[in-house]
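In our numbering, the protein residues as written are 71 to 647.
All residues carry an ideal CB built from backbone N, CA and C; glycine is no exception.
For clarity, every value in this text was computed on a predicted model and none was experimentally measured.
Here it is, written out as structure tokens:
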């Protein structure tokens, strides 16, 4: 344990001891006139604390208050702090056209309000302001002091530049000069676009100096007249000029790699623009510093001092047996803070747990951290216990502890989700590992977590492909059987065709008298089949003989096959002609 301000001990404790020495030697005023025996007889015994007892209590109270002022702490390692920033230069159009009232209350005031919203949304970024009309001048260089930038911004109006017109080339020149040492420069222009139709010259200059231009159009397509401060409108040849949004300025943004957005009545437009700028900008490291991480303990001596003050100023007497339980309960209420980061006796256990972890005794470390976490419900305790379980390859216990660890700090939350993903991956639960990595990356981008996420995605894709390969292999194994089936079917068909051709051949080689017999047989079958039909449908003998001769001449016809093979299965209503 160390003190952040030990000077309080050096300069305040010696005078306290000297004062206490004087108080102990001090006598009561009437003790100079009466003896001790007489004083005891005269004094009313109210069973209260003596003067010396009260002085001792006041001394202890002052002692603990000085200890609290010295701020005792427990050292908890070092943390490296890095200052990063994406530098953004904002160019605000203050030409007369920005006085048009198509945007409430006018274009200039609306643009200033948008910039103030951006300053609130990006407190950790360096932001500068450039005002422009015909010429441009630097209002504020890049600065982290957003309050000063906002103060300078509020003072801008159309009278800040006397020359009339809108020149975007001058903005790019100012930005290139103020950010000479940066490879990638960003400028956000808030303007109605002026009256220029071609921005080729500005685009070439922006690309030459590596400037990415973002444009927020502050106007409407319908436009509005330009009302000056004296109440008159700007005219040209006697006609009132209607200033509208120049949409051609979108080319300046899109062709330099930036984004163009038209203004809205809400602040969503500037917030969306800020997200686009941050996604394309490269945060550079400005400064890094290592600081010591400490656990404060000042509230314990301070609480003890308040307890002693309560006792010293009360009427508690020397017979304190009856009040001891109540004092003990009060002491517990003051010091039994479950959410404290380190209890009065907990820091010894935490030190043992840390030493066990560093020495490789992960079992003992997990036990100590788990006990501490269950008592204090502290997120760091569950997190450290989970790390110890992970080192023992007890991934299920590690997962449970990581789930219980809750933090308000974003870095700790991101690290906890990342380690939870590692534990899921080691336990074989790849989908949940993927979810944990994604939650970590939502909070904070980390290179190692991103690589772990990609590896898990590859493994999941590989697992999906393995069942497909297995099914393809099964289909290949079934192919020979299918081919054999087809071969058998072809063979059966071939035999069938051969048999039919043989029957046709035999039929064609019959003798005339055999054919005649067959004809009679067919006539008999025909007459039996046509029984019950109308007389009109009955075939005469001459027609039947002629039909049979025709069949013999066309022995390979489809009708011959029907007559030869399927005559027995024909229906009664079927006609052979």
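- For residue 75, the closest alpha carbon among the candidates 131, 143 and 269 is that of 143.
- Residue 269 and residue 342 have their C-alpha atoms spaced approximately 24 Å apart.
- In this structure, 122 is the residue among 122, 487 and 480 with its C-alpha nearest to the C-alpha of residue 91.
- For residue 161, the enclosing beta strand (DSSP E) begins and ends at 158-163.
- Listed in chain order, the alpha helix (DSSP H) runs fully inside the segment 226-281 are 239-248 and 270-278, counting runs of at least 4 residues.
- Short of 6 Å from the beta carbon of residue 378, and not among the five residues preceding or following it, lie these beta carbons of its own chain, in chain order: 127, 130 and 131.
- Residue 329 and residue 285 have their C-alpha atoms some 6 Å from each other.
- Your pair residue 315 and residue 162 does not check out as a contact, with CB atoms roughly 16 Å apart and the cut at 8 Å.
- For residue 505, the enclosing alpha helix (DSSP H) covers residues 500-513.
- Between residue 160 and residue 199 the beta-carbon gap is near 5 Å, inside 8 Å, which marks them as a contact.
- Considering only 535, 165 and 177, the residue with the shortest C-alpha distance to residue 334 is 177.
- Residue 198 is bridged by DSSP to 159.
- Per the DSSP secondary-structure output, residue 294 pairs in a beta bridge with 313.
- Nearest C-alpha to residue 166 among 120, 119 and 229: 229.
- Residue 446: not part of any beta strand (DSSP E); member of the alpha helix (DSSP H) spanning 432-446, first to last residue.
- Straight-line measurement puts the Cα of residue 206 at about 6 Å from the Cα of residue 241.
- Taking every protein chain shown into account, the CB of residue 264 has 16 or more other CB atoms within 10 angstroms, so this residue is buried.
- With 16 or more neighbouring CB atoms inside 10 Å of its own CB, residue 203 falls in the buried class.
- In this structure, residue 443 lies away from residue 472, with their beta-carbon atoms at least 8 Å apart.
- Looking at the DSSP output, residue 207 sits in a beta bridge with 201.
- Taking a cut-off of 8 Å for Cβ pairs, the segment 269-284 and the segment 293-304 do not touch, as fewer than three such pairs fall below it.
- In the three-state scheme derived from DSSP, where H, G and I count as helix and E and B as strand, residue 331 is classed as strand.
- A straight line joining the alpha-carbon of residue 438 with that of residue 422 spans about 8 Å.
- With 16 or more other CB atoms across the displayed protein chains lying within 10 angstroms of its CB, residue 249 is buried.
- If you draw a 10 Å sphere on the C-beta of residue 371, you find 16 or more other C-beta atoms in it, and that means buried.
- Taking 8 Å as the cut-off, the beta carbon of residue 231 is found no closer than this to the beta carbon of residue 276.
- In this structure, the CA atom of residue 287 is about 11 Å from the CA atom of residue 258.
- Take residue 222, set aside five residues on each side of it, and the residues of its chain with a beta-carbon closer than 6 Å to its own are 209 and 210, in chain order.
- Just measuring C-alpha positions, the residue of 479, 527 and 517 sitting nearest residue 502 is 527.
- Judged by their CB atoms, residue 499 and residue 364 are not nearer to each other than the 8 Å cut-off.
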